[in-house]
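Colleague:
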Amino acid sequence: MSTATSPIRCCGRWCGSCPPGCASPTTTSGRSSRCRCSRGYRSLSGVTFEHVFADLGGIPANRLTDPQGLAGLLLAAANAAGLNPAGPPAVTQGPRGVSAAVLCHGGHVAMHGVPEAGLCFVDVAGVSGAQPHRGLEVIIKRLGAREVRTDARRRGPVTQAIHPEGP
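Using the working numbering, the letters of the sequence shown map in sequence onto residues 35 to 201.
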């Protein structure tokens, strides 16, 4: 079972409502050095992120220069991945190529392309339950990429919390 940590408000002492696995107070001040609640963190079980990305080549330039086409492609990919867009896609063209992204509830679909070189980097991510590889497949097919290099990661909780104030 995986767990993740997230900040919460905590009085700094064990109050009896700590999640399972937190220790009771071990000091006279009521704080427990082992209690996650006294450090301002609580456990969230089962949170993972599915993350796929690809380098695409051999793409016809006209497919990377059509803002409406790219916006529609982002929405189709988000739908295929099981992601719900939080707003409209953003597509911008600049001196270094085109960037397009749609932020979704629990994930995103992003693309960065260089039309004159026929290159595009694609990134699709979502919380557990999403299927970003399906979104990536839609993008690869619709862009007509002739060269494809993909990678995938299952991302989860950081096993050790970082405390900038020290141990």
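Glycine is no exception: its CB is placed at the ideal position from the N, C-alpha and C atoms.
Taking only three categories from DSSP, how would you classify residue 119?
Modeller: Residue state, collapsed to three classes: strand.
Colleague: Between the region 123–132 and the region 156–168, can you find at least three pairs of beta-carbon atoms closer than 8 angstroms?
Modeller: At 8 angstroms Cβ cutoff, the stretches do not touch.
Colleague: Could you tell me which of 166, 85, 130 sits nearest to residue 98, measuring between CA atoms?
Modeller: Comparing Cα positions, the closest option is 130.
Colleague: Alpha carbon to alpha carbon, what distance is there between residue 120 and residue 178?
Modeller: Answer to the nearest angstrom: the Cα atoms are 27 angstroms apart.
Colleague: Would you say the region 97–114 touches the region 164–173, given that touching needs at least three Cβ pairs under 8 angstroms?
Modeller: The region 97–114, when compared against the region 164–173, does touch it at the 8 angstroms Cβ threshold.
Colleague: Mind pulling the alpha helix (DSSP H) runs of 4 or more residues that sit fully within the region 84–156?
Modeller: Correct list: 95–98, 101–115.
Colleague: Tell me, please, which residues DSSP counts as bridged to residue 183.
Modeller: 89.
Colleague: Based on DSSP bridge pairs, tell me the residues matched to residue 188.
Modeller: Paired residue(s): 84.
Colleague: Assign residue 165 to one of three DSSP states: helix, strand, or coil.
Modeller: Residue 165: coil per DSSP, three-state reduction.
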